[in-house]
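First residue of the sequence shown? That's 3 in this note's numbering, and the numbers climb one at a time after it. Backbone N, C-alpha and C define an ideal beta-carbon position, used for all residues, glycine too. Below you'll find the structure, written out as structure tokens, and then a few comments.
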Amino acid sequence: MELTSIKGIGEKTAALFDKLNIKDTGDLLRFFPAEYDLFSDISTIDRIKPGDIAAVKVYITSQPLLRHIKKMSILSFNISDGHGEMSVVYFNAPYLRNSIKRGEECVFRGKVMLRGKTLSFNNPRKYKTEDYEKLSGTKQPIYHTTKGLSSNAIQKAVKKAYEAELGIGINRKTSPLYDKLPENIIAKRKLMPYYEAIMNIHMPTDDDSLFAARTRLAYEEFYDYIIKMTRLGTYSRPNHYPMIDVADTGRFIELLPYKLTPDQSDVWNSIRNDLSSDKRMVRLLQGDVGSGKTVIAILSLLMCVSNGYQGAFMAPTEVLASQHYETVNKLIDEYKLPFKPVLLTGLIKGKARKEILESIKNGDANLIIGTHALFQDSVEYKNLALAITDEQHRFGVLQRESLVGKGDQPAVLIMSATPIPRTLAMILYGDLEVSTIHTMPVGRLPIKNCVVDTSYRPTAYKFIISEVKAGHQVYIICPQIDAGELIGVENVTEYSVQLRASLPEDIRIGVLHGQMSSAAKDKVMDDFAHGNIDVLVSTTVVEVGVNVPNATVMYVENAERFGLAQLHQLRGRVGRSDMQSFCIFMMNNSSDTAKERLDILLNSNDGFEIAAQDMKLRGPGDIFGIRQSGDVIFDIGDIYQDSELILWAKEDTAEVLI
Ligand code: ADP
Ligand code: MG
Numbered sequence: 003m004e005l006t007s008i009k010g011i012g013e014k015t016a017a018l019f020d021k022l023n024i025k026d027t028g029d030l031l032r033f034f035p036a037e038y039d040l041f042s043d044i045s046t047i048d049r050i051k052p053g054d055i056a057a058v059k060v061y062i063t064s065q066p067l068l069r070h071i072k073k074m075s076i077l078s079f080n081i082s083d084g085h086g087e088m089s090v091v092y093f094n095a096p097y098l099r100n101s102i103k104r105g106e107e108c109v110f111r112g113k114v115m116l117r118g119k120t121l122s123f124n125n126p127r128k129y130k131t132e133d134y135e136k137l138s139g140t141k142q143p144i145y146h147t148t149k150g151l152s153s154n155a156i157q158k159a160v161k162k163a164y165e166a167e168l169g170i171g172i173n174r175k176t177s178p179l180y181d182k183l184p185e186n187i188i189a190k191r192k193l194m195p196y197y198e199a200i201m202n203i204h205m206p207t208d209d210d211s212l213f214a215a216r217t218r219l220a221y222e223e224f225y226d227y228i229i230k231m232t233r234l235g236t237y238s239r240p241n242h243y244p245m246i247d248v249a250d251t252g253r254f255i256e257l258l259p260y261k262l263t264p265d266q267s268d269v270w271n272s273i274r275n276d277l278s279s280d281k282r283m284v285r286l287l288q289g290d291v292g293s294g295k296t297v298i299a300i301l302s303l304l305m306c307v308s309n310g311y312q313g314a315f316m317a318p319t320e321v322l323a324s325q326h327y328e329t330v331n332k333l334i335d336e337y338k339l340p341f342k343p344v345l346l347t348g349l350i351k352g353k354a355r356k357e358i359l360e361s362i363k364n365g366d367a368n369l370i371i372g373t374h375a376l377f378q379d380s381v382e383y384k385n386l387a388l389a390i391t392d393e394q395h396r397f398g399v400l401q402r403e404s405l406v407g408k409g410d411q412p413a414v415l416i417m418s419a420t421p422i423p424r425t426l427a428m429i430l431y432g433d434l435e436v437s438t439i440h441t442m443p444v445g446r447l448p449i450k451n452c453v454v455d456t457s458y459r460p461t462a463y464k465f466i467i468s469e470v471k472a473g474h475q476v477y478i479i480c481p482q483i484d485a486g487e488l489i490g491v492e493n494v495t496e497y498s499v500q501l502r503a504s505l506p507e508d509i510r511i512g513v514l515h516g517q518m519s520s521a522a523k524d525k526v527m528d529d530f531a532h533g534n535i536d537v538l539v540s541t542t543v544v545e546v547g548v549n550v551p552n553a554t555v556m557y558v559e560n561a562e563r564f565g566l567a568q569l570h571q572l573r574g575r576v577g578r579s580d581m582q583s584f585c586i587f588m589m590n591n592s593s594d595t596a597k598e599r600l601d602i603l604l605n606s607n608d609g610f611e612i613a614a615q616d617m618k619l620r621g622p623g624d625i626f627g628i629r630q631s632g633d634v635i636f637d638i639g640d641i642y643q644d645s646e647l648i649l650w651a652k653e654d655t656a657e658v659l660i
């Protein structure tokens, strides 16, 4: 159904939904909440303390006062509930003045702060008492938003879309609520019916049904994925591009400023054998962040081009593709490597693009580096013999399909920093060989970690300043882009402004997040990589593969909100040189369990082990909201958390696929 057929959605709103890639009710119903906000029962002012997220039922006891300081407007007033008094402050929302009436009874919900000696809410949500009572005790979905479209508006649209589709009926195959799983599987695995799962994922009635809904949807993702991967065919096909060992690779290894680690050497030997054997290579190379996968990719590509073929190197983001391109160009200068590289991304357009496409077609270019633009139909290769995907866990299923299908069955190497056990890898990726780099290059100092609460922030800032003065660089990660729906969660936009005020003026601060244009992101990442930015305030987009060895501090705000495996990936952005590096995990909502969880990170350096311990500590009911892997292959499923579901799906698909 078209979105505009829902009451309340016109062309304008539909265009906003389109920005989130939501084109019809089907897309909307599969636009799952990013997380859930638990509305606690109403508390009283004498029982709350700074740092809590609380709701209180109060009377407004003073007239609202509106002041202006510089460009900021400040609206403030007092509230009381008979147990205590508080103040409420709204920044930059002068229009609220008319809705605040002295003597009115209402509920405010927000993060409790301390202003001088009194408790205060900054920009809390205001509710009519009866409205809050309905919400109290429930989990409300929070959606990723875009400018002009709030999570609330999305929630309303989802409800209407759901009712409309339910009304039309769910038994037609075209219905977005149609259950595609075979009935016997649903029965065998006791899965929740699809239409119920969709309802509960958006509007959970209680934790159990939310859990069941999640299980059902995650299971189905794995089921579909395994069927697709298996249908791609088995990989054991003849090698169309047999290669011979070349001198270039050995010479390159000799000249490198470091020695390959034993694991790197082993992997390289396997790949060399693969490329020269009569069977086509399809290999997964896993290795934790910083374990040195790039050089293996370069060696493989070198062997490929020295044999007269073309090689392709695909990265999930423009930033990373450009970085690889730059790395290769440096290596060419330094080691006289026979690469003739081109960079092809979605940003390169017009004449430049045409020329690049021509050089790929006629073979003038022998190394093609880029984003998934590499595998569009318009790209024709002369003799593509090896296709490498970096950070493959960041690609969706579709891209991988087009990769395997491109050219005349080139050898395939996929690299991933999400190490998963061999058995799971074989289930998920089909019939491929798996190599793993277990150990880090030598000479790295172990990263120093600390888990702290917000009282440590001033000390942390002092530390950042001293690191910058020493010529190093710093990442600061916040969970969200703007002040979103979530209370008490730092966001890149406001944080960078506050940080500007807290750090000396000569420290250069940059901002990076996923809603910036690719060109803007590239510029910032480039500036950071070249040392023109000292402190980079970013969302987790930096998690993907970038290499800035001069960065020595990784500082994560609201660390309690991330999966430990994801924090581990973030940690891998530093400690990439012989300089001492540091990780500061800031807990903005400190509880004992949060601390206990984060402490796991201090004791282990193995992504899978970390995820497993995290799971054990939190228990399966606590799965929602914190994703482990940072994978984008699955919307809901998580290869770390759901290994049992993956095994089920494997077993069940085997019956269908015979
Ligand atoms: P990842 O596996 O996360 O892609 P990279 O390939 O980016 O890691 O490598 C991280 C850093 O380690 C790079 O600066 C690279 O030059 C360096 N490096 C790779 N292999 C070795 C090695 N054997 N000894 C020392 N440094 C190495
Ligand atoms: Mg990498």
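Comparing the C-beta of S45 with each C-beta of chain B, is any distance below 8 Å?
-> Within the model displayed, chain B is absent; a lone protein chain is all it includes.
Coil, strand or helix - E435 by DSSP = Strand.
Report yes if the C-beta of D392 is less than 7 Å from at least one heavy atom of the ligand ATP; otherwise report no.
-> With respect to small molecules bound, the structure shown includes the ligand ADP and the ligand MG and not the ligand ATP.
Output the residue ranges of the beta strand (DSSP E) runs that lie fully inside the segment 552 to 630 and measure 3 residues or longer, sorted by chain position.
-> Positions of the beta strand (DSSP E) runs, each at least 3 residues long and wholly inside the segment 552 to 630, are given as 553 to 558, 584 to 589 in order along the chain.
Out of H242, R282, S293, S278, state which residue places its alpha-carbon closest to the alpha-carbon of S267.
-> Selected option, being the one with the closest Cα: S293.
CB of Q266 to nearest heavy atom of the ligand ADP: below 7 Å?
-> Yes, Cβ of Q266 sits closer than 7 Å to a heavy atom of the ligand ADP.
Who are the Cβ neighbours of Q517 in its own chain at under 7 Å, not counting the five residues just before and after it?
-> The residues are I483.
Starting from the C-beta of L400, find all residues in its chain whose C-beta is less than 7 Å away, skip the five residues before and the five after it, and write them out in chain order.
-> Unreliable placement is indicated for L400, whose pLDDT of 47 sits below 50; no coordinate value is reported for it.
How do the segment 339 to 349 and the segment 539 to 555 stand: do at least 3 beta-carbon pairs fall below 8 Å, yes or no?
-> These segments do not touch.
With distances taken from CA atoms, which of L505, A561, A553, I511 is nearest R578?
-> Closest option to R578, Cα to Cα, is A553.
Give the DSSP-derived three-state secondary structure of I2 in the structure shown.
-> Shown here, the chain extends from 3 to 660; a query on residue 2 therefore has no answer.
State the DSSP-derived secondary structure class of G348, mapped to helix, strand or coil.
-> Of the three classes helix, strand and coil, the one that applies to G348 here is coil, per DSSP.
DSSP three-state call for A462: helix, strand or coil?
-> Reduced to three states, the DSSP call for A462 is helix.
Comparing the CB of T420 with every heavy atom of the ligand ADP, is any distance shorter than 7 Å?
-> It does not: the Cβ of T420 is nowhere closer than 7 Å to a heavy atom of the ligand ADP.
Other residues of its chain near A375: CB distance less than 7 Å, five sequence neighbours each side excluded = The answer, listed in chain order, is L346, T347, G348.
May I have the straight-line CA-CA distance separating G150 from G365, to the nearest angstrom?
-> Separation of G150 and G365 (C-alpha to C-alpha, rounded to the nearest whole angstrom) is 47 Å.
Is the number of C-beta pairs between the segment 381 to 389 and the segment 306 to 322 that are closer than 8 Å three or more?
-> The segment 381 to 389 vs the segment 306 to 322: in contact.
Could you tell me whether the segment 53 to 70 touches the segment 78 to 98, using the rule of 3 or more Cβ pairs below 8 Å?
-> Taking 8 Å as the limit for Cβ pairs, the verdict is that the segment 78 to 98 does touch the segment 53 to 70.
Determine the direct distance from the alpha carbon of L116 to that of D601, and round the result to whole angstroms.
-> Cα to Cα, D601 sits roughly 28 Å from L116.
May I ask you to report which of helix, strand or coil DSSP gives I641?
-> It is coil, neither helix nor strand.
Does the pairing of the segment 67 to 75 with the segment 14 to 26 give three or more beta-carbon distances under 8 Å?
-> A contact between stretches requires three or more CB pairs, one per stretch, nearer than 8 Å, and the segment 67 to 75 fails this requirement with the segment 14 to 26.
Neighbourhood of L604 by C-beta distance below 6 Å, restricted to the same chain and skipping five residues each side | The answer, listed in chain order, is N451.
Check whether the Cβ of K525 lies closer than 7 Å to any heavy atom of the ligand MG, and answer yes or no.
-> Checking the Cβ of K525 against the ligand MG gives no.
Less than 7 Å between the CB of P443 and some heavy atom of the ligand ADP, yes or no?
-> At least one heavy atom of the ligand ADP falls within 7 Å of the beta-carbon of P443.
Near D637, which residues of its chain fall below 7 Å by C-beta distance, leaving aside the five closest residues on each side in sequence?
-> For D637, where only same-chain residues beyond five positions count, the Cβ hits under 7 Å are F34, E223.
Beta-carbon proximity of I44 to A57, cut-off 8 Å | Yes, they are a contact pair.
Option nearest T461 by Cα separation, candidates M588, D410, I416, T495 | For T461, the closest C-alpha among the options M588, D410, I416, T495 is that of M588.
Cα-Cα separation between G639 and T441, rounded to whole angstroms = In a straight line, the C-alpha of G639 is about 28 Å away from that of T441.
Does DSSP put R218 in a helix, a strand or coil?
-> If DSSP states are grouped into helix, strand and coil, R218 belongs with the helices.
For L121, which option in L30, L415, D54, V499 has the closest C-alpha, if you only look at C-alpha atoms?
-> Among L30, L415, D54, V499, the Cα nearest to that of L121 belongs to D54.
Hey, how far is the Cα of L647 from the Cα of T217?
-> Spanning the alpha carbons of L647 and T217 requires a straight line of approximately 8 Å.
What are the start and end residues of each continuous alpha helix (DSSP H) run of 4 or more residues lying completely inside the segment 226 to 308, in chain order?
-> With a minimum length of 4 residues, the continuous alpha helix (DSSP H) runs that stay inside the segment 226 to 308 are 249 to 257, 264 to 278, 296 to 308.
Helix, strand or coil for L68, going by three-state DSSP, please let me know.
-> Correct three-state label for L68: strand.
How many angstroms separate the CA atom of V548 from the CA atom of R191?
-> Approximately 41 Å, taken between the alpha carbons.
Can we say the segment 555 to 572 touches the segment 498 to 517, given the rule of at least three CB pairs closer than 8 Å?
-> Flag = no, the segment 555 to 572 and the segment 498 to 517 do not touch.
Quick one: using the 10 Å Cβ neighbour count with 16 as the cut-off for buried, is P506 buried or exposed?
-> By the 10 Å Cβ count, P506 comes out exposed.
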